[in-house]
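Here the structure comes first, spelled out in structure tokens, and everything after it is commentary.
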Amino acid sequence: MTPAGHRIVTAAEELFYNRGITAVGVDLIAEHSGVTKRTLYNQFGSKDHLVAAYLTERDRRWRSLVRAAVDAADTPAEAVTAPFDALRTWSETNTRGCAFINALAELPDPSHPAYRIAANQKLWLLNLFKELAATAGCSHPATLATQLLVLHEGAVATQPLSLDTLPESADLARVLVQADASPRQ
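Going left to right, the sequence shown walks through residues 22 to 206 as our numbering numbers them.
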């Protein structure tokens, strides 16, 4: 991506996340990135592809943060709940909820290029929870993964309300992992 392309994605991210995808037009993005609309279209072809680029970049950063948290875990059981630690770090600068859920709400058409990116981000996290739970020796990794995804997404969804549900969600996640990893009587 060219330097202008990076500026466009950076401006789009700030505007889309803070104001909403459908509320922001290409004129405003071009103005905030210091490029012409022509440059924007030459770089991305359409607003839809720019939205996809914005979500792809967020997804890349989020996955990198989660992988670092998983890698830093001392035990396989701690690795299962590492995405909650990553969310704590992520939430320090991302306070308006989940950009991917917001995008799915604004762009409900599954054929939209950004829809697939947002949906795949959620499926990736579910599969990561499942993989980590299996590695930790949990008895029911698929069920546990679904429960953890619901807790994780609930913490993200309540974030704009300043309820700070993340500590309780993370604590409950650890309880669920411990219970599922314990030998059955």
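No residue lacks a Cβ here, since even glycine has one placed at the ideal position from N, Cα and C.
Whole angstroms are fine: how far does the CA of residue j sit from the CA of residue i?
i: Asn39; j: Val45; result: 10 Å
i: Ala100; j: Lys68; result: 38 Å
i: Val72; j: Thr116; result: 19 Å
i: Thr102; j: Asn63; result: 42 Å
i: Thr164; j: Pro181; result: 28 Å
i: Asp130; j: Ser203; result: 42 Å
i: Gln206; j: Arg79; result: Per-residue confidence for Gln206 stands at a pLDDT of 37, beneath the threshold of 50, marking its modelled position as unreliable; no derived number is given.
i: Ala33; j: Thr23; result: 15 Å
i: Leu144; j: Glu113; result: 24 Å
i: Tyr136; j: Leu125; result: 6 Å
i: Val30; j: Gly66; result: 13 Å
i: Cys119; j: Ala89; result: 20 Å
i: Leu61; j: Trp111; result: 28 Å
i: Lys151; j: Gly158; result: 11 Å
i: Thr146; j: Ala139; result: Looking at the sequence shown, residue 146 is not Thr but Leu. C-alpha separation (whole angstroms): 11 Å.
i: Phe121; j: Ala51; result: 23 Å
i: Ala191; j: Gly26; result: 37 Å
For residue i, count neighbouring Cβ atoms within 10 angstroms of its own Cβ and tell me buried if that reaches 16, exposed if not.
i: Tyr75; result: buried
i: Pro104; result: buried
i: His173; result: buried
i: Ala194; result: buried
i: Leu169; result: buried
i: Val91; result: buried
i: Asp48; result: exposed
i: Asp185; result: exposed
i: Val177; result: buried
i: Asp106; result: buried
Could one say the Cβ of residue i lies closer than 8 Å to chain C's Cβ atoms, at least one of them?
i: Ala157; result: You won't find chain C in this structure, because it holds only one protein chain.
How is the alpha helix (DSSP H) around residue i delimited, first residue to last?
i: Val5; result: Residue 5 cannot be examined here, being either before or after the span of the chain that is shown, 22 to 206.
i: Glu52; result: Val47 to Ser54
i: Asp106; result: Ala103 to Trp111
i: Asn63; result: Lys58 to Phe65
i: Leu71; result: Lys68 to Ala93
i: Ala44; result: Where Ala44 is concerned, there is no enclosing alpha helix (DSSP H), given that its DSSP letter is neither H nor E.
i: Asn115; result: Unbroken run through Asn115: none, as it is neither H nor E.
i: Leu125; result: Ala120 to Glu127
Are at least three pairs of beta-carbons, each pair with one atom in the segment 78-92 and one in the segment 52-62, less than 8 Å apart?
-> Result no; under three Cβ-Cβ pairs closer than 8 Å.
At which residue ranges does the segment 152-195 contain complete alpha helix (DSSP H) runs of 4 or more residues, listed in the order of the chain?
-> Listed in chain order, they are 162-178.
Could you tell me whether the segment 183-202 touches the segment 150-168, where touching means 3 or more Cβ pairs closer than 8 Å?
-> Verdict: yes, contact present.
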